[in-house]
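Here is the structure we will look at.
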Amino acid sequence: MKVTRTGTGRPLLLVHGLGSTSRVWEPVMAVLAAQREVIAVDLPGHGGVAAEADSGSFAGVARSLERFLDAQHLAGCDMVGSSLGGQLVLEMARRGKAGATVALDPGGFWLGWERPILRNSLKTALWTARGFKPGLSMLARNPATRTMLLGLLSNQPWALDGELVASEMEAFADTETLDTLIDSLAFGAMQIGSPAADEQPITIGWGRHDRLCNPSQARRALAAFPRARLHWFDHSGHFPMWDEPAAAASLILGATGSTTLH
Numbered sequence: 108m109k110v111t112r113t114g115t116g117r118p119l120l121l122v123h124g125l126g127s128t129s130r131v132w133e134p135v136m137a138v139l140a141a142q143r144e145v146i147a148v149d150l151p152g153h154g155g156v157a158a159e160a161d162s163g164s165f166a167g168v169a170r171s172l173e174r175f176l177d178a179q180h181l182a183g184c185d186m187v188g189s190s191l192g193g194q195l196v197l198e199m200a201r202r203g204k205a206g207a208t209v210a211l212d213p214g215g216f217w218l219g220w221e222r223p224i225l226r227n228s229l230k231t232a233l234w235t236a237r238g239f240k241p242g243l244s245m246l247a248r249n250p251a252t253r254t255m256l257l258g259l260l261s262n263q264p265w266a267l268d269g270e271l272v273a274s275e276m277e278a279f280a281d282t283e284t285l286d287t288l289i290d291s292l293a294f295g296a297m298q299i300g301s302p303a304a305d306e307q308p309i310t311i312g313w314g315r316h317d318r319l320c321n322p323s324q325a326r327r328a329l330a331a332f333p334r335a336r337l338h339w340f341d342h343s344g345h346f347p348m349w350d351e352p353a354a355a356a357s358l359i360l361g362a363t364g365s366t367t368l369h
């Protein structure tokens with residue numbers, strides 16, 4: 108894995124989502140780093156990091172993350188994850204490897220008809236990104252075409268940083284394990300909880316306008332982790348840290364025992 112560290116204080120691990128990179132956290136990074144040592148990782152197969160033999164499956168990526176935590180003596184640290192990263196930090200909590208945990212619009216709670224829709228939506232996004240790869244940077248920097256590209260992920264894509272979106276879209280197109288990882292996520296077992304997860308606080312944040320992980324899935328997440336606290340982002344899509352960065356940073360700092368923002 109590739110690691111980016113910034114700030115001082117107690118460690119706070121950030122785990123990005125499917126086809127993304129550690130840059131996805133840029134809108135909240137400075138605020139978090141003002142109070143914590145922020146450790147943002149790039150998962151195997153993402154962000155230019157070499158894939159491992161099993162990086163095309165959720166189980167494989169989870170294994171890599173757990174091994175990283177043990178090797179870096181970070182087991183038990185506070186963790187934040189988005190999307191796939193949200194499911195990963197919940198899985199680390201289930202295994203007793205996480206401190207305070209914040210999962211933003213986590214994956215792993217799809218059922219029935221939601222599964223093929225998820226797969227088809229992500230595959231279409233992948234084919235689009237790869238098909239338009241030569242002009243992807245230009246399209247992502249234009250508010251109108253950025254809105255067309257990011258309708259699945261953001262509630263206000265026209266307002267986002269075009270350079271950041273361009274970088275993340277190109278990384279998405281370049282993620283070699285994405286095809287198999289999409290299938291693993293869409294048709295894999297639903298995320299489960301366990302008593303071990305109850306030992307540390309868990310907060311689940313969900314955008315009310317999430318078009319990828321439907322907000323109705325939040326009740327399944329709470330059923331798996333019944334002691335978790337649910338927080339709604341009223342103006343967010345799948346990425347609250349993009350659509351509502353101040354609110355997302357405040358939630359993260361408050362849920363992990365740091366000073367909250369007002």
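Residue numbers (our numbering): 108 to 369.
Every residue, glycine too, gets a C-beta built ideally from N, C-alpha and C.
Only a predicted model underlies this, so the values are computations on that prediction, with no experimental measurement involved.
Quick check on the burial criterion: 16 or more other C-beta atoms within 10 angstroms. Buried or exposed for Ile359? Its Cβ being crowded by 16 or more others within 10 Å, Ile359 is buried.
According to DSSP, is Gly188 helix, strand or coil? strand
Is it true that the region 271 to 278 meets the region 242 to 253, where meeting means three or more beta-carbon pairs spaced less than 8 Å apart? yes
Just curious, the alpha helix (DSSP H) that Ala331 is in, first and last residue? 325 to 331
Ordered along the chain, which non-local residues of its own chain (more than five positions away) have a Cβ less than 7 Å from that of Gly295? Phe165
Need the endpoints of the alpha helix (DSSP H) that Gly269 sits in, please. 269 to 281
Could you pull out every unbroken beta strand (DSSP E) segment of at least 3 residues lying fully inside the region 189 to 227, listed in chain order? 208 to 211
What residue range is occupied by the uninterrupted alpha helix (DSSP H) comprising Ala355? 352 to 362
Boundaries (first-last residue) of the alpha helix (DSSP H) holding Leu172: 165 to 178
Report, in whole angstroms, the separation of the C-beta atoms of His342 and Leu260, which I expect to be a contact under 8 Å. Not quite, the Cβ-Cβ distance comes to about 14 Å (not below 8 Å), so this is no contact.
In the DSSP assignment, the alpha helix (DSSP H) including Val110 goes from what residue to what residue? Counting along the chain, Val110 falls outside any alpha helix (DSSP H), though it belongs to the beta strand (DSSP E) covering 109 to 113.
Specify the secondary structure class of Ala147 as computed by DSSP and reduced to three states. DSSP, read as helix, strand or coil, puts Ala147 in strand.
I believe Leu211 touches Met348 by the beta-carbon criterion, under 8 Å. Please report the beta-carbon distance rounded to the nearest angstrom. 7 Å
Which residues mark the beginning and the end of the beta strand (DSSP E) in which Ile96 is found? An answer regarding residue 96 cannot be provided, because it is not within the stretch 108 to 369 covered by the chain.
Count Cβ pairs between the region 197 to 212 and the region 223 to 233 that sit closer than 8 Å; are there 3 or more? Flag = no, the region 197 to 212 and the region 223 to 233 do not touch.
Compare the Cα-Cα distances from Leu257 to each of Trp217, Asp350, Arg202, Pro322 and report the closest residue. Asp350
In chain order, which continuous runs of the alpha helix (DSSP H) of length 4 or greater are located wholly inside the region 234 to 260? 243 to 248, 250 to 256
Taking only three categories from DSSP, how would you classify Val122? Three-state result, Val122: strand.
Simplified DSSP assignment, three categories, for Leu229: helix
How about Gly124 and Ser171: are their beta carbons less than 8 Å apart? no
Just reading off the alpha helix (DSSP H) that Leu288 is part of, what are its end residues? 285 to 294
Quick check: Val122 and Met186, are their CB atoms within less than 8 Å of each other? Closer than 8 Å, so yes.
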